[in-house]
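All remarks here apply to the structure that follows.
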Amino acid sequence: MKFKQIDKGLVHVYTGDGKGKTTAALGLAVRAVSYKKKVLIIQFIKGPWRSGELDLVRKLKPYLQIKSLGQGFVKILGDKKPFAVHKKAAQQAFILAKKSIKSGKFDMVILDEINVSLKERLISTDEVVKLIGSKPEKVELVLTGRYAPAKIIKLADYVSEVKMVKHPFNRGILARSSIDY
Ligand code: ATP
Ligand code: MG
């Protein structure tokens, strides 16, 4: 194979059932910011707890911005919110994602947990396919979350599936602050 250097943004997917998807995306964000790149993270599913990531980001302004538009987990962890509430929040997050990607203001856009919104049909996969196809060349796009749809996997350039081999949750240990969130 003949290797070449390219100067355009590519598409990443972090999926699978193991720990490390959001933290991998954050790692990419930190690396990009250290090269003075502008990064936007949009959280599609906001946890029911305060997200530790938000505090870090305040310190990294103006390079890193984070927007949390989700309505918490869908159908798990005692979720009682109507589907329409989740759908509206996801749709708004997606509108912001489209606008931000096209704005030219960001070198990297991370759509955290968007795959879960696709699985729950809060957003249409075909619309995300369209967005990937029409993104400005320079934008590095990162999608995280379990259940990445096949159509997205096919389009992406980097696809990493984190496989759960062990997780303390399965021994009854709850998510730990500063490690899991
Ligand atoms: P992290 O944010 O730690 O990188 P993740 O993004 O890969 O995790 P998610 O599917 O977004 O994982 O899950 C969010 C939360 O659930 C995190 O607190 C994470 O530690 C935890 N978690 C991840 N994998 C599992 C699992 N297999 N069983 C139970 N909890 C998990
Ligand atoms: Mg995650």
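Residue numbering for the sequence shown follows the numbering used here, starting at 1 and increasing by one per position.
Built from N, CA and C at the ideal position, the CB exists for glycine as well.
Which one of the options has the shortest CA to CA distance from residue i?
i, options, result
"Lys67", "Ala97, Asp79 and Thr23", "Ala97"
"Pro149", "Glu127, His167, Val85 and Gly104", "Glu127"
"Gly16", "Glu161, Ser178, His167 and Arg176", "Glu161"
"Ser124", "Ile95, Lys8, Met108 and Asn170", "Ile95"
If you measure from the CB of residue i, is any heavy atom of the ligand ATP nearer than 8 Å?
i, result
"Phe106", "no"
"Glu161", "no"
"His86", "no"
Using a threshold of 8 Å, is the CB atom of residue i nearer than that to any non-hydrogen atom of the ligand MG?
i, result
"Thr144", "yes"
"Asp17", "no"
"Glu113", "yes"
"Lys21", "yes"
Quickly, what does DSSP pair residue i with across the bridge? List them, please.
i, result
"Phe143", "Looking at the sequence provided, one finds Leu at residue 143 rather than Phe. Paired residues: Val13 and Leu111."
"Val159", "Val13"
Requested in this report: Report yes or no: do three or more beta-carbon pairs, one from the stretch 21-33 and one from the stretch 136-148, lie closer than 8 Å?
Outcome: yes
**Report entry** the stretch 17-25 / the stretch 106-126 touching (three or more Cβ pairs under 8 Å)
**Finding:** yes
Report task. Only counting runs of 3 or more residues, tell me where the beta strand (DSSP E) segments fall wholly within the stretch 2-68, in order along the chain. Result -> 11-15, 39-43 and 64-68
Query - Start-end ranges of the beta strand (DSSP E) lying completely within the stretch 98-140, minimum 3 residues - result: 108-112
Query raised in the report: Between the stretch 36-46 and the stretch 157-172, do three or more beta carbon pairs fall short of 8 Å?
Result: no
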